[in-house]
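Engineer:
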Amino acid sequence: MASMDSLPDHLMLDIVDHLNTARDVSRLSQTSRHTHSLIHHRGWQSFARKRFPSFNLPETDSWSSVVDRLTYLDRCWEKRAFTFCSFWHGSHGRRWRSLEGGQLIGFEVFVASGPSDLLVCGAGEDLHFRSRRDGDWATMVGKDCGFSPGTGDVTALSVIERASRSEVVVGRADGSVRLLTADQDGDLGRTMCRLVLDEAGDERLHRSPGRVAVMRTEWEPQNGLVISCRDSCLTLHDLGKLDEDGADNPSELMPMASLDFATAIRPRGDRPFVYCAKFVNQDTMVCGISGQLLGLHIVQMRPSGLEVLPPSCSISDDEKPRTVRALEKAGSESVLLSAWDSGSYGLVPSSHSWIYMLKHSLFHLRLIDLRTPSRFNAVYRDSNQPFSAASSLLVYGTQRFVAGDNNEPVIRFFDFRHPKPYQHSTAMPCHDSPPLPPRPGAGPEFGPWHEPEKTRCDPGEGTVCVWHHRVSRPEWRPDANVRLVIGRDHGVTSLAKASDLSDAFYCGLRSAFVQVDLDDNGQHPTDLGEDRHPLGWSSGNGQSNRMFETGIGRCDAEGAWLEAMSAPTDMHLYGHSSSTSCKREPGWRLNGRWKRIPRSR
-16 MASMDSLPDH
-6 LMLDIVDHLN
4 TARDVSRLSQ
14 TSRHTHSLIH
24 HRGWQSFARK
34 RFPSFNLPET
44 DSWSSVVDRL
54 TYLDRCWEKR
64 AFTFCSFWHG
74 SHGRRWRSLE
84 GGQLIGFEVF
94 VASGPSDLLV
104 CGAGEDLHFR
114 SRRDGDWATM
124 VGKDCGFSPG
134 TGDVTALSVI
144 ERASRSEVVV
154 GRADGSVRLL
164 TADQDGDLGR
174 TMCRLVLDEA
184 GDERLHRSPG
194 RVAVMRTEWE
204 PQNGLVISCR
214 DSCLTLHDLG
224 KLDEDGADNP
234 SELMPMASLD
244 FATAIRPRGD
254 RPFVYCAKFV
264 NQDTMVCGIS
274 GQLLGLHIVQ
284 MRPSGLEVLP
294 PSCSISDDEK
304 PRTVRALEKA
314 GSESVLLSAW
324 DSGSYGLVPS
334 SHSWIYMLKH
344 SLFHLRLIDL
354 RTPSRFNAVY
364 RDSNQPFSAA
374 SSLLVYGTQR
384 FVAGDNNEPV
394 IRFFDFRHPK
404 PYQHSTAMPC
414 HDSPPLPPRP
424 GAGPEFGPWH
434 EPEKTRCDPG
444 EGTVCVWHHR
454 VSRPEWRPDA
464 NVRLVIGRDH
474 GVTSLAKASD
484 LSDAFYCGLR
494 SAFVQVDLDD
504 NGQHPTDLGE
514 DRHPLGWSSG
524 NGQSNRMFET
534 GIGRCDAEGA
544 WLEAMSAPTD
554 MHLYGHSSST
564 SCKREPGWRL
574 NGRWKRIPRS
584 R
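Residue numbers (this note's numbering): -16 to 584.
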């Protein structure tokens, strides 16, 4: 009788591809020494790429560790296993500061993170740095570097990595952009160079602080370019031209190309404002601008400079202007998620195949496939607060995304509802009753409903138990909103994560920021020591945060709720506990920190 060792390696790897859980792969690896070696060197990598195909995975020699992290984080996301730590200035920040001429500029906090788990926080004119390896904070006081409150405030941040070194691109309210060192071993916050921006050809630039400030900076590692968005201008700098050894005196780096949308397009109404830009390949960018009939523009790099490509669809003069505030890549393909202020939308031709568009007056996410005759293939929206705008996004592959509310301390969790190759619940014990807590009340279940009678799953017969049958269905994995109890008027100004494999992300707010850890095992401390927050700041846990489960956010192409996806009439409200002893009730589908709060009638 043939043994497992007699099978060719490619057949063994095919078997691995058909296993649904890491536990099954681990058991297979224990059948023989050869199988163990094969799975160690090739099997775990195959499992990771098969079950998590849309994630940006690093090259490594320890793929079993990568799989362990991926499966753990997936469980944390599905169970909403979050811990929250809030940071705020000792005096709750300088909420409003009167400047010369009577102009008021709010105190906002911007966060950025990089591959080395470096967190950089811009709070007013100051910069705070922290490495998660040791948790120590270091501060670059803006006043000591010549920056004044208000005009010297940080308004844009990007953590980049060049030549295995972390650096920070910092844009400020005075219109300056600088490249700083971010080495906490003695070379922190040193200005390497100033990135010179082209001036917009309008004297109003010098009158409005909002148009003077740098709105966004973006780093594209594939071509070594930095994008800066300011007023109606888009500017590119090539960091490859810098002397890697630095210089005694900060140098100036002139732009390699720039574009003024006020002259490049035919603006309707107000002067356009560039909010964001993203590279979709090495020579093509998508830009989000404000107040125009076309909210997204495709910009191509040519030998002669930057060129705005003409729209491929007609735009009616009766349509309302629209604004795009944020763009993020989704997955490894040229896929974009974009945050909109208005309910209307526009398309421009692109070399990439897919564009995601988020209509934020109705909080819609529109999925467009340019390869099909249909302009819209799927729409997503929040059923709890359908009219709330957002200006910050985080995307995790093509599985889920996070959106930050522009006016309130609310973060929203959406599932793209694409086919999910990995289900964490498959490895959980069987139960003869439905999952707890119940799903948000809605219409009929997805697809034909045949309640199984089995109390245990039987792979041989192809049957599943009641619990596994329900928990794997979309309506039992609802989207959710979390309200951060950090202040009434603190909108989310920025969102940041180190990578798809990071177990934390960060929310910048007005006068504060929040660290959200993914923790299903109670390993993250909720009470930080005095030295675990920036000097002059305070910190606390998020035990008063509230979560709404809002059902399924995916709609049809016109934005109407599908019959089986109708907005839930009974949304579930949960309170968050800071206790590290996670509740482990049989069949409980959420992390034990969430406690159901009965709603008053």
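All C-beta atoms in this analysis are idealised placements derived from N, C-alpha and C, irrespective of residue type, glycine included.
1) Which residue or residues does DSSP assign as beta-bridge partners of leucine 219?
2) Within 8 Å, do at least three Cβ pairs link the segment 194 to 214 to the segment 150 to 157?
3) Which residues share a DSSP beta bridge with phenylalanine 384?
4) Rank Leu217, Arg305, Gly271 and Ala309 by C-alpha distance to the C-alpha of methionine 284 and give the top, closest one.
5) Answer with buried or exposed for arginine 579, where buried requires no fewer than 16 other C-beta atoms within 10 angstroms of its C-beta.
6) Quick one: is glutamine 506 buried, meaning 16 or more other Cβ sit within 10 Å of its Cβ, or exposed?
7) Within 7 Å: the Cβ of leucine 279 and any heavy atom of the ligand ATP?
8) Mapping DSSP to helix, strand and coil, what is glycine 84?
9) Rounding to the nearest angstrom, what Cα-Cα distance links proline 255 and aspartate 324 in this structure?
10) Give the range of the beta strand (DSSP E) segment to which aspartate 500 is assigned.
11) Inspect the CB distances between the segment 136 to 149 and the segment 91 to 105 and report whether three or more fall short of 8 Å.
12) Run through DSSP, which three-state label would cysteine 270 get?
13) Mind reading off the beta-carbon distance from glycine 252 to arginine 308? Whole number of angstroms is fine, and I expect it under 8 Å.
14) Would you kindly check if the distance between the Cβ of aspartate 462 and the Cβ of alanine 64 is under 8 Å?
15) DSSP puts cysteine 490 in a beta bridge; with which residues?
16) Would you identify the three-state DSSP class for methionine 198, choosing helix, strand or coil?
17) When we look at the beta-carbon of glutamine 28 and count the other beta-carbons within 10 Å, is it buried (16 or more) or exposed?
18) When you compare each of Ala386, Gly380, Val378 and Gln382 to arginine 364 by their alpha carbons, which one comes out closest?
19) Applying the 10 Å Cβ sphere with the 16-neighbour rule, what's the burial state of glutamate 532?
20) Given 8 Å as the limit, is there contact between the segment 493 to 501 and the segment 37 to 53, that is, 3 or more CB pairs closer than that?
21) How would you call arginine 586, buried or exposed, if buried means at least 16 neighbouring beta carbons within 10 angstroms?
22) Which residues in the same chain as aspartate 170 place their Cβ atom closer than 8 Å to its Cβ, once the five residues preceding and following it in sequence are excluded?
23) Using the DSSP secondary-structure output, state which residues sit across from tryptophan 450 in a beta bridge.
24) Could you check the C-alpha separation between aspartate 266 and arginine 529 for me, to the nearest Å?
25) Could you pull the start and end residues of the alpha helix (DSSP H) that lysine 33 belongs to?
26) Per the DSSP calculation, phenylalanine 112 is bridged to which residue(s)?
27) When DSSP labels each residue in this structure, what does leucine 140 get in the three-state scheme?
28) If the criterion is Cβ atoms closer than 8 Å, does the pair leucine 178 and arginine 194 meet it?
29) Tell me which residues share the same chain as glycine 129 and place their Cβ nearer than 7 Å to its Cβ, disregarding the 5 neighbours each side in the sequence.
30) Tell me the residue span of the beta strand (DSSP E) that contains serine 147.
31) State the CB to CB distance for the pair isoleucine 394 and cysteine 259, rounded to an integer number of angstroms; the pair is presumed to be in contact (CB under 8 Å).
32) How about the segment 29 to 44 and the segment 10 to 20: do they share at least three Cβ pairs that are nearer than 8 Å?
33) Quick one, are the C-beta atoms of aspartate 119 and arginine 148 less than 8 Å apart?
34) Would you give the residue range spanned by the beta strand (DSSP E) that cysteine 628 belongs to?
35) What number of angstroms, rounded off, separates the C-alpha of glycine 519 from the C-alpha of glycine 107?
36) Can you give me the C-alpha to C-alpha distance between lysine 403 and glycine 125, rounded to a whole angstrom?
Structural biologist: With the given structure in hand:
1) Position 236 of the sequence shown, counting from 1, holds the residue named residue 219. Bridge partners of leucine 219: Ile210 and Ala240.
2) yes
3) For the purposes of this step, residue 384 is taken as the residue at position 401 of the sequence shown. In the DSSP output, where bridge partners are listed per residue, phenylalanine 384 has Val378 and Phe397.
4) The sequence position of residue 284 within the sequence shown is 301, counting from 1. Closest option to methionine 284, Cα to Cα, is Leu217.
5) Start at 1 with the first residue of the sequence shown, and residue 579 comes out as number 596. Counting Cβ neighbours within 10 Å, arginine 579 comes out exposed, since fewer than 16 surround it.
6) Position 523 of the sequence shown, counting from 1, holds the residue named residue 506. So glutamine 506 ends up on the exposed side.
7) This structure does not include the ligand ATP; it has no bound ligands of any sort.
8) For this step, residue 84 is matched to residue 101 along the sequence shown. Per-residue confidence for glycine 84 stands at a pLDDT of 41, beneath the threshold of 50, marking its modelled position as unreliable; no derived number is given.
9) Walking along the sequence shown from the start, residue 255 turns up at place 272. Walking along the sequence shown from the start, residue 324 turns up at place 341. Spanning the two alpha carbons is a distance of roughly 14 Å.
10) Taking the sequence shown and counting its residues from 1, the one referred to as residue 500 is at position 517. Where aspartate 500 is concerned, the enclosing beta strand (DSSP E) stretches over 495 to 501.
11) yes
12) Taking the sequence shown and counting its residues from 1, the one referred to as residue 270 is at position 287. In this structure, cysteine 270 counts as strand in the three-state DSSP scheme.
13) For the purposes of this step, residue 252 is identified with residue 269 of the sequence shown, where counting begins at 1. For the purposes of this step, residue 308 is identified with residue 325 of the sequence shown, where counting begins at 1. Not confirmed; about 18 Å, so no contact.
14) Your numbering for residue 64 matches position 81 in the sequence shown. Your numbering for residue 462 matches position 479 in the sequence shown. No, these two residues do not count as a Cβ contact at 8 Å.
15) Residue mapping note: residue 490 aligns to position 507 of the sequence shown, counting from 1. Partner(s): Leu478 and Val497.
16) To locate residue 198, count along the sequence shown from 1; it is residue 215. Of the three classes helix, strand and coil, the one that applies to methionine 198 here is strand, per DSSP.
17) By one-based count along the sequence shown, residue 28 stands at place 45. Buried, by the Cβ-count rule.
18) If you number the sequence shown from 1, residue 364 lands on position 381. Among Ala386, Gly380, Val378 and Gln382, the Cα nearest to that of arginine 364 is on Ala386.
19) Here residue 532 corresponds to residue number 549 of the sequence shown, with the count starting at 1. The residue is buried, with at least 16 neighbouring Cβ atoms inside 10 Å.
20) no
21) Residue 586 cannot be examined here, being either before or after the span of the chain that is shown, -16 to 584.
22) Sequence index remark: in the sequence shown, residue 170 carries index 187 (1-based). Cβ neighbours of aspartate 170 beyond the five flanking positions: Thr164.
23) The residue you call residue 450 lines up with position 467 of the sequence shown. BP columns for tryptophan 450 are empty, so no partner.
24) To locate residue 266, count along the sequence shown from 1; it is residue 283. To locate residue 529, count along the sequence shown from 1; it is residue 546. So the two alpha carbons sit approximately 43 Å from each other.
25) Translated into positions along the sequence shown, residue 33 becomes position 50. Element bounds for lysine 33: 27 to 34.
26) For the purposes of this step, residue 112 is taken as the residue at position 129 of the sequence shown. Val103 and Ala121.
27) In the sequence shown, residue 140 corresponds to position 157, counting from 1. Correct three-state label for leucine 140: strand.
28) As a first step, residue 178 is located in the sequence shown; it is residue number 195 there, counting from the start. As a first step, residue 194 is located in the sequence shown; it is residue number 211 there, counting from the start. Against a cut-off of 8 Å, the Cβ pair of arginine 194 and leucine 178 comes out as no contact.
29) Within the sequence shown, residue 129 is the residue found at index 146, counting from 1. Counting only Cβ-Cβ distances below 7 Å, and skipping sequence neighbours, we find nothing.
30) By 1-based counting over the sequence shown, the position of residue 147 is 164. Serine 147 -> no beta strand (DSSP E), and no H or E assigned at all.
31) Numbered from its first residue, the sequence shown carries residue 394 at position 411. Numbered from its first residue, the sequence shown carries residue 259 at position 276. At roughly 19 Å, the Cβ-Cβ gap does not stay under 8 Å, so isoleucine 394 and cysteine 259 are not in contact.
32) no
33) Translated into the one-based positions of the sequence shown, residue 119 becomes position 136. Translated into the one-based positions of the sequence shown, residue 148 becomes position 165. No, these two residues do not count as a Cβ contact at 8 Å.
34) Residue 628 lies beyond the stretch modelled for the chain, which goes from -16 to 584, so this question has no answer here.
35) Counting from 1 along the sequence shown, the entry for residue 519 is found at position 536. Counting from 1 along the sequence shown, the entry for residue 107 is found at position 124. Using only the alpha carbons, I get a separation of about 13 Å.
36) Position 420 of the sequence shown, counted from the first residue, corresponds to residue 403. Position 142 of the sequence shown, counted from the first residue, corresponds to residue 125. Distance between the alpha carbons of lysine 403 and glycine 125: 46 Å.
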